[in-house]
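A.B. asks:
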Amino acid sequence: MGWFITRRAGAAVIVLFLGSVLVFAGIRALPGDPATVLAGQEASPEAVAAVRHDYGLDQPLPVQYVDYVGRALHGDLGRSTQDKLPVSKIITERIPITLELSLLAMIFAIAIGVVTGIVAAARRGRFADYVATGFGLIGLSVPHFWLGLLAILLFSVTLGWLPASGYVPFVQDPGGNLLRMLMPAVVLGTGFAAVLMRQTRSAMLGALSADYVRTARSKGLAEGKVIGVHALRNSLTTVVTVLGLQVGVLISGAVVTEQIFVIPGFGKLTVDAVATRNYPVIQAVVLVTVVAYIVVNLCVDIFYALLNPRVRLSGVTSD
Amino acid sequence: MAMAGLVLVVAFLLLALIGPLVTGDPSAQDYSATLAPPSPAHPLGTDDLGRDVLARIATGARTSLQAGVVSTFLAMLVGVPIGLVAGFYRRWLDPVVMRLVDVVLAFPFLIFAVGLAAILGPSLRNVIIALSVAQLPGIIRITRGEVLGIREMDYVPGAIADGATDGYVIFRYVLPGAVNALIVQATVAIPTAIIGEATLSFLGLGVQPPTPSWGVMLTNAQQFLAQAPWLAIWPGVMIALATLGFNLLGDGLRDVLDPRSAK
Amino acid sequence: MSERKRRRGGGTETPRAGGTNDRATREAGAAGRHDAERETQSLLEMTDVTVSFDTEDGLVRAVKGMSLSLDQGEILALCGESGCGKTVTAMSIPRLLPPETTRLSGSIRLDGRELTALSEKALREVRGKDVSVVFQEPMTSLNPSFTVGFQIAEVLRRHEGLSKQAARERAVDLLSLVGIPDPARRLKEYPHQLSGGMRQRVMIAISVACSPRVLIADEPTTALDVTIQAGMLGVFRDLRDRLGTAIILITHDLGVVADIADRAIVMYAGRAVEQARVEELYARPRHPYTVGLLNALPSAAQAESDGPGRRRLAEIPGMVPPPFGDPDECPFAPRCPRAEADCTASRPLFEPQDDGHLAACFHPVEAVRTEATR
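Residue numbers (the numbering used here), protein chains in the order written: chain P, 13 to 331; chain Y, 30 to 292; chain R, 170 to 543.
Encoded structure:
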């Protein structure tokens, strides 16, 4: 198991390295003088010169890269061109908000998606299955930002039940916070739930027709145990894998969802930054996202190994 | 079910190709009828600048089609050869290619598109590039997987022993098998690309006004949600139908062409 | 018919040290006992059981009018080619058949209790405890995500309410019983870490954990190579001797039948066509199908006597009839070398031919000595 983690971590580090190089190069690839880019369009010549000195932009590229990485590891991600605040501070303020949104969306998606998938598999071919599969298909096909607009149309404009936008910190007003997060989380989680439902159903169907389920029944175990313990256990690996793959989609989705519901999170930061050509922020956002994504995938890999004894004991996965 | 998908896809294609020719000018502004509800003159209503929604939907279909098809085509054009080569010359090329694929995958699609928009500026062309790059890993993996699978088959070493060149093996044995999987992949990739373009345009990172795109129309619609709800409904319905069509078609094709895939 | 079955004798309840393999000795010893057993009921009594399945292609009649009985400690073999209904017959006892599409009629009595009348819930008390099954594929019949120990303990805790600790200890004993070395260590291992033969032994351990009255073994040796087979059969013999378990052995391997079974029923197209004590069956088969099966066995003795040179394995020409209809004729008639007009006019009944020997044939074979008896 330790060996397995080391191998996976090693691969992750390589990808991390290449990713950071890409981000680094991206900014340098912009037309024009990097110093102006990083200082912002409105910066005075002195400010630009200061930036050039600060970032060592007259140094050879490899040196710049090392410097960049060094700073990043220390938490220095530059300064926003909008308000001159340190980018790291901005990010740290906004990430928890997006995390809360994502977490709520995931909880919703897992609760609805996995449960529906299990039920659909257990009641295969019957009414419940068709309903579930139908919803799954729709959930996959509908662009979730449209779903957001529809939700606002229905629940805010027409029914007036839920606020259409805004954010209140949890510590300040838990009720208000959750009320405002409800629609965004459900909207964000819907697509994810649809994918989870399909995958769970398919994995469970496979498990339920397996020989070991027949053995479990021959032992006289209650049907609930057969489905919930024997079949489910072997489906979990598929579900977890899907979870890992979908995290990226979740992050992308958060960007759009925050835009619609005007939630001052990480995602909205990204969109605003592009609109205002706030390159230090853009660069930092991309970097942070990539790092987070790689780390999450590493965790998923490890969790997968924990669930699958064959992988754990031999350290080999199919690749 | 797959038939329903086919119907939807064909309808979508017709709309995109012929629609704009029949429905009138999507940019014509009629200030006397702004935010008008559906009427005989404007079957789907008008937006805040008095433009006919139906015409904009039809033209928007064209944009979506372009984005979906061109990006998938480009991705295949680049990805299939890479996948073939990676699968074939396993020893040194494959690990390199796979690591690069992992790097691309490490960038969640939207973040990558955002970065690209930041560097290159927002436009339909850049959206298509971003979409192509996002699809590359999937296509490379599938093609590579096919190559690896076929290589295991006994008839390949036999053919090579008989003097077949690498190229011959690829064309005669690998590609036919890969084509099926790739077709299925395309039916998944195109709708994803359509939604991707809509999302990017919605965020202002893609198609710029006044060019109609379903995503841009939705951005606009959000402001007028209370006064003109139909503005928000139509573009979304169109996206959903087009996507649903491809998804259903894809499911049906998958059952026929690639029964191995888990369903 | 029942009279003659009683005289079979068979297994005992007292554990026998070492387990004698010599059939003759066993029979002689049992012969004294069967007089007392004549009045006791059979352990398992199946009467006129018919099993059909609703499928897309129509009603599949898998088993038609099947009757059999099983005594304590007896090893009964159900043999025939694939698709003859032997598995379905056995699985109808614990009713491990797809609930929605199966139609079951007839009577199945275990210790006098009518199993077909039990609800699914009640049947779950029977499964694993009174009737248990060893399946064909040890590779896939064990859950890959749980340890061997867990899977054995599971059935103990289900039926006997044992604590985790107690179940674990019993599991160790069971593993020793089936001949797995170093059982305490094996408990913590996963199925993929064990060899095929050991996995099969684990399956057997699971199935005998609660001392079932009847053990159904579905092609237990088919997936194993020949050298392991012998060991496996030894395990079954041992179980019968030590625990007095009655075993229904489903197999198409006539060699295994000769090796270990006391009695055998030959099935064809969902019906029993012949039933007898094993030695009797091999020495004096009555039904032409049985003769055909036995002749199809390659035999070293035959090869020796025939001398060098090649010869074809004897085969039975033709194919098994499809399972949809149930015409009133002998199902084997189209392929039977002895068929005559009356064979297609009506179906022969399953009747006694001799002492304890039954067959369904209008023109049974008379005392043919086949090569298989050597």
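Note that beta-carbon positions come from the ideal geometry of N, C-alpha and C, so glycine has one too.
Buried or exposed: where does Q258 of chain P fall if 16 or more other Cβ atoms within 10 Å of its Cβ makes it buried?
C.D. replies: Taking the first residue of the first sequence as position 1, residue 258 of chain P is located at position 246. Its Cβ being crowded by 16 or more others within 10 Å, Q258 of chain P is buried.
A.B. asks: Kindly indicate which three-state DSSP category L237 of chain R falls into: helix, strand or coil?
C.D. replies: Along the third sequence, one-based indexing puts residue 237 of chain R at 68. Correct three-state label for L237 of chain R: strand.
A.B. asks: Drop a sphere of 10 angstroms on the beta-carbon of W121 of chain Y, count the other beta-carbons inside from all chains shown, and report buried for 16 or more, exposed for fewer.
C.D. replies: Residue 121 of chain Y sits at position 92 when you count from the first residue of the second sequence. Flag for W121 of chain Y reads exposed.
A.B. asks: Of all Cβ atoms in chain P, is any one closer than 8 Å to the Cβ of E306 of chain R?
C.D. replies: In the third sequence, counting from the first residue as 1, residue 306 of chain R sits at position 137. Yes, E306 of chain R counts as interfacial toward chain P.
A.B. asks: Given E283 of chain R, which residues of its chain have a CB within under 8 Å of its CB, disregarding the five upstream and five downstream residues?
C.D. replies: Here residue 283 of chain R corresponds to residue number 114 of the third sequence, with the count starting at 1. Cβ neighbours of E283 of chain R beyond the five flanking positions: S276, I277.
A.B. asks: Put P205 of chain Y into one of helix, strand or coil per three-state DSSP.
C.D. replies: To locate residue 205 of chain Y, count along the second sequence from 1; it is residue 176. In the structure shown, P205 of chain Y sits in a helix (DSSP, three-state: H, G or I).
A.B. asks: Name the chain Y residues that come within less than 7 Å of F167 of chain P, Cβ to Cβ?
C.D. replies: Taking the first residue of the first sequence as 1, we reach residue 167 of chain P at position 155. The premise fails here: F167 of chain P is roughly 12 Å from chain Y at the closest Cβ pair, so nothing lies under 7 Å.
A.B. asks: Whose C-beta lies closer than 6 Å to the C-beta of E182 of chain R among residues of the same chain, with five residues either side of it excluded?
C.D. replies: In the third sequence, the residue the question calls residue 182 of chain R occupies position 13. The predicted model places E182 of chain R with a pLDDT of 37, which falls under 50 and marks its position as unreliable, so this point remains unresolved.
A.B. asks: Using 8 Å as the cut-off, can you tell me whether the segment 158-166 of chain Y makes contact with the segment 135-145 of chain Y, which would need three or more C-beta pairs spanning the two stretches below that distance?
C.D. replies: Output reads yes: the segment 135-145 of chain Y touches the segment 158-166 of chain Y.
A.B. asks: Along the chain, where does the beta strand (DSSP E) containing Y437 of chain R start, and where does it finish?
C.D. replies: Counting from one through the third sequence, the residue named residue 437 of chain R turns up at place 268. Note, Y437 of chain R: beta strand (DSSP E), 432-437.
A.B. asks: What residues match up with C586 of chain R in a beta bridge as DSSP calls it?
C.D. replies: There is no way to answer for residue 586 of chain R, as the model of chain R reaches only from 170 to 543.
A.B. asks: Below 6 Å CB to CB, which residues in the same chain sit around C253 of chain R once its five sequence neighbours on both sides are set aside?
C.D. replies: Here residue 253 of chain R refers to the residue found at position 84 when the third sequence is read from its first residue. Same-chain partners within the cutoff: M436, Y437.
A.B. asks: Straight-line CA distance for R207 of chain R to G236 of chain P?
C.D. replies: Numbered from its first residue, the third sequence carries residue 207 of chain R at position 38. Numbered from its first residue, the first sequence carries residue 236 of chain P at position 224. Low confidence applies to R207 of chain R: its pLDDT is 42, below 50, so where it sits in the model is not reliable enough to give any reading.
A.B. asks: Can you confirm whether A147 of chain Y, when its beta carbon is compared against all beta carbons of chain P, has any partner nearer than 8 Å?
C.D. replies: Start at 1 with the first residue of the second sequence, and residue 147 of chain Y comes out as number 118. Yes, A147 of chain Y lies at the interface with chain P (some Cβ there is under 8 Å from its Cβ).
A.B. asks: Quick check: what's the CA-CA separation for A31 of chain Y versus P381 of chain R?
C.D. replies: Taking the first residue of the second sequence as position 1, residue 31 of chain Y is located at position 2. Taking the first residue of the third sequence as position 1, residue 381 of chain R is located at position 212. Distance between the alpha carbons of A31 of chain Y and P381 of chain R: 51 Å.
A.B. asks: Anything in the segment 119-143 of chain Y with a Cβ closer than 7 Å to a Cβ of chain P? List those residues in chain order, please.
C.D. replies: Cβ contacts with chain P come from R128, D131, V132, A135, F136, P137, F138, L139, I140, V143.
A.B. asks: Which runs of the beta strand (DSSP E) fall wholly inside the segment 78-121 of chain Y and span at least 3 residues, in chain order?
C.D. replies: For the segment 78-121 of chain Y, not a single whole beta strand (DSSP E) run of length 3 or above is found.
A.B. asks: Determine, using beta carbons only, whether V307 of chain P and A255 of chain Y come nearer to each other than 8 Å.
C.D. replies: Taking the first residue of the first sequence as 1, we reach residue 307 of chain P at position 295. Taking the first residue of the second sequence as 1, we reach residue 255 of chain Y at position 226. Cβ distance not < 8 Å, so V307 of chain P and A255 of chain Y don't count as in contact.
A.B. asks: Can you tell which of R:R296, R:Q334, R:E535, R:A340 has the C-alpha that lies nearest to the C-alpha of Q320 of chain R?
C.D. replies: For the purposes of this step, residue 320 of chain R is identified with residue 151 of the third sequence, where counting begins at 1. With distances taken between Cα atoms, Q320 of chain R lies closest to R:A340.
A.B. asks: Let's test the definition: count the other Cβ atoms within 10 Å of the Cβ of M182 of chain Y and tell me whether it reaches 16, buried, or not, exposed.
C.D. replies: In the second sequence, the residue the question calls residue 182 of chain Y occupies position 153. Exposed, by the Cβ-count rule.
A.B. asks: May I ask you to list the residues that DSSP assigns as paired with I277 of chain R?
C.D. replies: Here residue 277 of chain R corresponds to residue number 108 of the third sequence, with the count starting at 1. Paired residues: R:M215.
A.B. asks: For the alpha helix (DSSP H) that contains R289 of chain P, what are its first and last residues?
C.D. replies: Stepping through the first sequence from its first residue, residue 289 of chain P is reached at position 277. Segment: none, R289 of chain P is in no alpha helix (DSSP H) and carries neither H nor E.
A.B. asks: Would you say M170 of chain R faces chain P, with C-beta separation under 8 Å as the test?
C.D. replies: Along the third sequence, one-based indexing puts residue 170 of chain R at 1. The predicted position of M170 of chain R is uncertain, since its pLDDT is 39 and thus under 50; no value can be drawn from it.
A.B. asks: When you compare the CB of F157 of chain P with every CB in chain Y, is at least one pair closer than 8 Å?
C.D. replies: As a first step, residue 157 of chain P is located in the first sequence; it is residue number 145 there, counting from the start. Yes - at least one Cβ of chain Y is within 8 Å of the one on F157 of chain P.
A.B. asks: When DSSP labels each residue in this structure, what does K174 of chain R get in the three-state scheme?
C.D. replies: Start at 1 with the first residue of the third sequence, and residue 174 of chain R comes out as number 5. Because K174 of chain R carries a pLDDT of 38, less than 50, the predicted location of this residue cannot be relied on, and the following value inherits that uncertainty. K174 of chain R: helix per DSSP, three-state reduction.
A.B. asks: With a threshold of 8 Å between beta carbons, is A250 of chain Y in contact with chain P?
C.D. replies: Position 221 of the second sequence, counting from 1, holds the residue named residue 250 of chain Y. By this cut-off, A250 of chain Y is an interface position.
A.B. asks: Return helix, strand or coil for G53 of chain Y, following the three-state DSSP convention.
C.D. replies: Here residue 53 of chain Y refers to the residue found at position 24 of the second sequence. Residue state, collapsed to three classes: coil.
A.B. asks: Can you list the residues of chain P that A227 of chain Y reaches, using a CB-CB cut of under 9 Å?
C.D. replies: Within the second sequence, residue 227 of chain Y is the residue found at index 198, counting from 1. Simply P155, F157, W158.
A.B. asks: For A336 of chain R, which residues from the same chain have a beta carbon less than 6 Å from its beta carbon, with the 5 sequence-adjacent residues on both sides left out?
C.D. replies: By 1-based counting over the third sequence, the position of residue 336 of chain R is 167. Excluding positions up to five away in sequence, the list reads A322, L325, R326.
A.B. asks: Do the CB positions of P166 of chain Y and L134 of chain Y come within less than 8 Å of each other?
C.D. replies: Within the second sequence, the letter at position 137 stands for residue 166 of chain Y. Within the second sequence, the letter at position 105 stands for residue 134 of chain Y. Yes, these two residues count as a Cβ contact at 8 Å.
A.B. asks: Would you be able to state if there are at least three C-beta pairs under 8 Å between the segment 285-294 of chain R and the segment 222-232 of chain R?
C.D. replies: The segment 222-232 of chain R vs the segment 285-294 of chain R: no contact.
A.B. asks: Return the residues of the segment 356-368 of chain R that lie within a Cβ-Cβ distance of less than 7 Å from chain P, sorted by chain order.
C.D. replies: Residues Y359, H361.
A.B. asks: Determine, using beta carbons only, whether H86 of chain P comes closer than 8 Å to chain R.
C.D. replies: Taking the first sequence and counting its residues from 1, the one referred to as residue 86 of chain P is at position 74. Chain R, which has no Cβ nearer than 8 Å to the Cβ of H86 of chain P, makes this no.
A.B. asks: Alpha carbon to alpha carbon, what distance is there between S301 of chain R and I416 of chain R?
C.D. replies: Along the third sequence, read from residue 1 onward, the residue named residue 416 of chain R stands at position 247. Along the third sequence, read from residue 1 onward, the residue named residue 301 of chain R stands at position 132. Going by the C-alpha atoms only, they are around 10 Å apart.
A.B. asks: At the 8 Å Cβ level, is S264 of chain P part of the contact set with chain R, yes or no?
C.D. replies: Reading the first sequence from its first residue, position 252 is the one you call residue 264 of chain P. Not an interface residue.
A.B. asks: Are the C-beta of Q271 of chain P and some C-beta of chain Y separated by less than 8 Å?
C.D. replies: Here residue 271 of chain P refers to the residue found at position 259 when the first sequence is read from its first residue. Interface residue, yes.
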